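**Student:** Pasting a structure below so you can have a look.
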Amino acid sequence: PDAYNICIFCQVESFFPGMGPIMIIPKSILKNLPPIVKGSTSNNMIVVDESEMMCQLKFGSYCLWRREQKSKMDDSMVKRMKDLLFVARAYYPSIAKLTSQENLSHEMKQNIQEFERVLSETTTDKDLPSRYEHQMTMMEASIAKAKSCHVDCNNVDKKFRQLVDLTEDEANFHMKQSAFLYKLAVQTMPKSLHCLSMRLTVEYFRSSADIEETLVKKFVNPDLFHYIIFSRNILSSSVVINSTVLHAKENDKQVFHLLTDTENYFAMKLWFSRNKYGNAAVQVLNIEDLELHSHLKAAPLRLSLPEEFRVSFRRFDDKLSSTQFRTQYLSMFSDSFYLLPEIFPSLEKVVVLDDDIVVQRDLSSLRNLDMGGKVNGVVQSCAVKLFHLKKYLPSSSSFDENSCSWTSGISVIDISKWRIHNLTKTYQQLVHEMSREDGLSETSTLSAGLLTFQDLVYGLEDSWMLSGLGYNYEHKLQKVGSAGVLHFDGSMKPWLELGIPKYKRFWRKYLNTQNHFLSECNVNP
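Just add 1133 to wherever you are in the sequence shown, counting from 1, and you've got our numbering.
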């Protein structure tokens, strides 16, 4: 990792035919390092050149965000002045040593100091003082005189290299600083959302009503359409539920089970008791209060949200002079997900929704979806197959190398079939085996998850979900509007100030901005 722990990645030593090493970056640490988009995109895969990819590996999605925010500046004269200053600084030490050139040495020193003063106050050409052309002429004349002097070229060359190193160090420092601040912005809860959570928690303890008690029968009725959401975010989970209900033909048969942690439990309880979503029922559960037999009693339950990974392929193309990189993003189930059969013993089939999605289509057809005995109905990503991840899989495991990977967002889960295959035990054994071989790593969730559901995945049509709205600026709005589910996977979530502006409206339209708690806390994503 670099100084700010912005980039942590593993590199596969082995090579596959026509493909360079693979780099897997767990986004639980990186919080999503999206690629610099270059050219067309397809299947959530983006081709980038080597220099851009190195920027991503080092600074993550900051590189993409910075590229989009960069505006064209009229600074050609400023750049010219910087170039002249650079050359003058390289020659000055050698000229200063020549006793016969005291006047030139003094002249260069004055010009350098004047340029430094001007450039410290200037960003664009319009900021330059009226006399800048005269100052540039004087500097050019001084440099011309210096070049005509007999100086040791090795000394000038050495000074040039020192200046280049110093300039690169300074640029890298500012890049790291900016990337670190960007990382804080996308990882830190906004002040307004913290205010909202605190206000709702306080209000909960002032109120004694518990409307959930009247809905207990709905929560355990397997004949209804059940959705599972893991979340710590009130706004995002509210948007998921609201968008789902508004597109449902029979919203009175919709039941949502929202699993959160102690810190957010009371705020969510109040929010979902005060806000109505048609005739749908919403149950809020604190996962830390659950008593599950399969979980180790020595280790308390902790809420874990979906893990996001970036898999990058280095591919060599004879038609191109430079190396190409292909990047694929995968969002995987967390450890908490594998406790579903025990948390909901009476349910047989559920749909798991990530809290960073927006539903734009009636999901009722998924309830009666015939998955042919499969357990997990998800959108597949065949750009990444198990043979790509061979290095990260347990050596004792047998698997089909051509099996496709998949991504969460929306997942149809047949819990009855899950119990038959005892997948919770399978997952836990795989994680234990990998931790015993190489120590518990960030890629364990990815590897164990893919192996657990091997041959048990039913591929949903690609039209069901459009991913990448948290990092990919290149999606056409028409395509966004026609997708069944929008997945805002990536760092630039729609409730953050850094969210991609053109996609935000698709998320914001399902948020009740008139709620007085939002107004009091100045929540305006």
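Glycine is no exception: its CB is placed at the ideal position from the N, C-alpha and C atoms.
Bear in mind that the values here come from a model prediction, so they are computed numbers and not experimental data.
Let me know if A1304 comes out buried or exposed under the rule of 16 or more other beta-carbons within 10 Å of its beta-carbon.
**Tutor:** What you label residue 1304 is simply residue 171 of the sequence shown in a count that begins at 1. When all chains shown are included, A1304 counts as exposed.
**Student:** Keeping to the same chain, check which residues put their C-beta closer than 7 Å to that of K1612; ignore five residues upstream and five downstream.
**Tutor:** The residue you call residue 1612 lines up with position 479 of the sequence shown. Closer than 7 Å at Cβ, skipping near neighbours: L1599.
**Student:** Could you check whether I1362 and Y1410 sit closer than 7 Å to each other, using their CB atoms as the reference points?
**Tutor:** Taking the first residue of the sequence shown as 1, we reach residue 1410 at position 277. Taking the first residue of the sequence shown as 1, we reach residue 1362 at position 229. Cβ distance not < 7 Å, so Y1410 and I1362 don't count as in contact.
**Student:** Nearest-angstrom Cα distance between P1634 and S1568?
**Tutor:** Looking up residue 1634 in the sequence shown gives position 501. Looking up residue 1568 in the sequence shown gives position 435. Distance between the alpha carbons of P1634 and S1568: 41 Å.
**Student:** The beta strand (DSSP E) that contains F1477, what's its start and end?
**Tutor:** Taking the sequence shown and counting its residues from 1, one reaches residue 1477 at position 344. Taken as a continuous stretch (DSSP letters only), F1477 belongs to no beta strand (DSSP E), as it is neither H nor E.
**Student:** Put Y1636 into one of helix, strand or coil per three-state DSSP.
**Tutor:** On the sequence shown, position 503 is the one that residue 1636 refers to. Y1636: helix per DSSP, three-state reduction.
**Student:** Measuring straight from C-alpha to C-alpha, what distance separates G1632 and R1222?
**Tutor:** In the sequence shown, residue 1632 corresponds to position 499, counting from 1. In the sequence shown, residue 1222 corresponds to position 89, counting from 1. About 43 Å.
**Student:** With DSSP collapsed to three states, give me the class of C1654.
**Tutor:** Position 521 of the sequence shown holds residue 1654. Reduced to three states, the DSSP call for C1654 is coil.
**Student:** Beta carbon of D1495, beta carbon of H1380: below 7 Å?
**Tutor:** For the purposes of this step, residue 1495 is taken as the residue at position 362 of the sequence shown. For the purposes of this step, residue 1380 is taken as the residue at position 247 of the sequence shown. It is a contact, given that the beta carbons lie within the stated cut-off.
**Student:** Can you have a look at C1196 and say buried or exposed, based on whether 16 or more other CB atoms are within 10 angstroms of its CB?
**Tutor:** Numbered from 1 along the sequence shown, position 63 holds the residue referred to as residue 1196. Under this definition C1196 is a buried residue.
**Student:** Grouping DSSP H, G and I as helix and E and B as strand, with all else coil, what is S1538?
**Tutor:** Translated into the one-based positions of the sequence shown, residue 1538 becomes position 405. It is a strand residue.
**Student:** Just to confirm before moving on: does the CB-CB distance between Q1643 and V1319 stay below 7 Å?
**Tutor:** As a working note, residue 1643 is residue 510 in the sequence shown. As a working note, residue 1319 is residue 186 in the sequence shown. The sequence as given places Tyr at residue 1643; Gln does not occur at that position. Result no, Cβ atoms of Y1643 and V1319 do not sit closer than 7 Å.
**Student:** Suppose only complete runs of 4+ residues qualify. What are the alpha helix (DSSP H) ranges in the segment 1346 to 1426, listed by chain order?
**Tutor:** Listed in chain order, the complete alpha helix (DSSP H) runs (minimum 4 residues) inside the segment 1346 to 1426 are 1349 to 1352, 1367 to 1379 and 1395 to 1407.
**Student:** Since L1423 and I1476 should fall inside the 8 Å C-beta cutoff, what is the C-beta to C-beta distance between them, to a whole number of angstroms?
**Tutor:** In the sequence shown, the residue the question calls residue 1423 occupies position 290. In the sequence shown, the residue the question calls residue 1476 occupies position 343. That belief holds up - the Cβ atoms of L1423 and I1476 are roughly 6 Å apart, short of 8 Å.
**Student:** Distance check for V1211 and L1237, CA to CA, integer angstroms please.
**Tutor:** Position 104 of the sequence shown, counted from the start, is the residue given in the question as residue 1237. Position 78 of the sequence shown, counted from the start, is the residue given in the question as residue 1211. Going by the C-alpha atoms only, they are around 24 Å apart.
**Student:** Along the chain, where does the alpha helix (DSSP H) containing S1325 start, and where does it finish?
**Tutor:** Residue 1325 sits at position 192 when you count from the first residue of the sequence shown. First-last of the alpha helix (DSSP H) with S1325: K1324 to R1339.
**Student:** Residues in the same chain with beta-carbon distance under 6 Å from D1468, minus the five sequence neighbours each way, listed in chain order, please.
**Tutor:** Stepping through the sequence shown from its first residue, residue 1468 is reached at position 335. Same-chain partners within the cutoff: S1437.
**Student:** By alpha-carbon positions, which one of I1420, N1412, K1386 and V1378 ends up nearest to T1395?
**Tutor:** Within the sequence shown, residue 1395 is the residue found at index 262, counting from 1. Here the closest residue by C-alpha is I1420.
**Student:** Leaving aside the five residues before and after L1563 along the sequence, list all residues of the same chain whose C-beta is less than 7 Å from its C-beta, in chain order.
**Tutor:** In the sequence shown, residue 1563 corresponds to position 430, counting from 1. Cβ within range, chain order: P1527, A1581, L1584 and T1585.
**Student:** So, is G1193 buried or exposed, given that buried needs 16 or more other C-beta atoms within 10 angstroms?
**Tutor:** The residue given as residue 1193 occupies position 60 in the sequence shown. Under this definition G1193 is a buried residue.
**Student:** What's the gap between the Cα of C1328 and the Cα of C1654?
**Tutor:** On the sequence shown, position 195 is the one that residue 1328 refers to. On the sequence shown, position 521 is the one that residue 1654 refers to. Rounded to the nearest angstrom, the two C-alpha atoms are 6 Å apart.
**Student:** Take every Cβ of the segment 1386 to 1403, pair it with every Cβ of the segment 1507 to 1520, and state whether three or more of those distances are shorter than 8 Å.
**Tutor:** With the cut-off at 8 Å, the segment 1386 to 1403 and the segment 1507 to 1520 do not touch.
**Student:** Can you tell me which of S1204, K1309, T1257 and D1385 puts its alpha carbon nearest to the alpha carbon of C1188?
**Tutor:** Here residue 1188 corresponds to residue number 55 of the sequence shown, with the count starting at 1. Looking at the Cα atoms, K1309 is the closest of the given residues.
**Student:** Are there 16 or more other CB atoms within 10 angstroms of the CB of M1214, so buried, or fewer, so exposed?
**Tutor:** Counting from 1 along the sequence shown, the entry for residue 1214 is found at position 81. By the neighbour-count rule (16 or more Cβ atoms within 10 Å), M1214 is buried.
**Student:** Nearest to F1466 by alpha carbon, out of I1546, Q1416 and N1354?
**Tutor:** Translated into the one-based positions of the sequence shown, residue 1466 becomes position 333. Selected option, being the one with the closest Cα: I1546.
**Student:** Does the distance from the C-beta atom of S1536 to that of L1463 stay below 7 Å?
**Tutor:** Taking the sequence shown and counting its residues from 1, the one referred to as residue 1536 is at position 403. Taking the sequence shown and counting its residues from 1, the one referred to as residue 1463 is at position 330. No.
**Student:** Identify, in the order they occur along the chain, each residue of the same chain with its Cβ nearer than 8 Å to the Cβ of L1403, setting aside the five sequence neighbours on each side.
**Tutor:** Position 270 of the sequence shown, counting from 1, holds the residue named residue 1403. L1333, T1334, E1336, Y1337 and S1340.
**Student:** Does the segment 1199 to 1207 touch the segment 1230 to 1245, meaning 3 or more C-beta pairs lie closer than 8 Å?
**Tutor:** No: the two stretches stay apart, fewer than three of their Cβ pairs being nearer than 8 Å.
**Student:** Taking L1217 and M1269 to be in contact with their CB atoms under 8 Å, please state how far apart those CB atoms are, rounded to whole angstroms.
**Tutor:** Residue mapping note: residue 1217 aligns to position 84 of the sequence shown, counting from 1. Residue mapping note: residue 1269 aligns to position 136 of the sequence shown, counting from 1. Indeed, because the Cβ distance is near 7 Å, the residues count as touching under 8 Å.
**Student:** Say the cut is 6 Å; is the CB of I1633 nearer than that to a heavy atom of the ligand FAD?
**Tutor:** The model on display carries no ligand, and the ligand FAD is accordingly not part of it.
**Student:** What span of residues does the beta strand (DSSP E) with H1554 cover, start to end?
**Tutor:** Taking the first residue of the sequence shown as 1, we reach residue 1554 at position 421. Taken as a continuous stretch (DSSP letters only), H1554 belongs to no beta strand (DSSP E), being part of the alpha helix (DSSP H) at I1548 to H1554.
**Student:** Can the beta-carbon of Y1591 be found less than 7 Å from the beta-carbon of M1504?
**Tutor:** Residue mapping note: residue 1591 aligns to position 458 of the sequence shown, counting from 1. Residue mapping note: residue 1504 aligns to position 371 of the sequence shown, counting from 1. Their beta carbons are under 7 Å apart, which means Y1591 touches M1504 by this criterion.
**Student:** According to the neighbour-count rule (16 or more other Cβ atoms, all chains shown, within 10 Å of its Cβ), is H1283 buried or exposed?
**Tutor:** Numbered from 1 along the sequence shown, position 150 holds the residue referred to as residue 1283. Exposed: under 16 other Cβ atoms inside 10 Å.
**Student:** Rounding to the nearest angstrom, what Cα-Cα distance links L1368 and V1251 in this structure?
**Tutor:** Translated into positions along the sequence shown, residue 1368 becomes position 235. Translated into positions along the sequence shown, residue 1251 becomes position 118. Roughly 48 Å separates the two Cα atoms.
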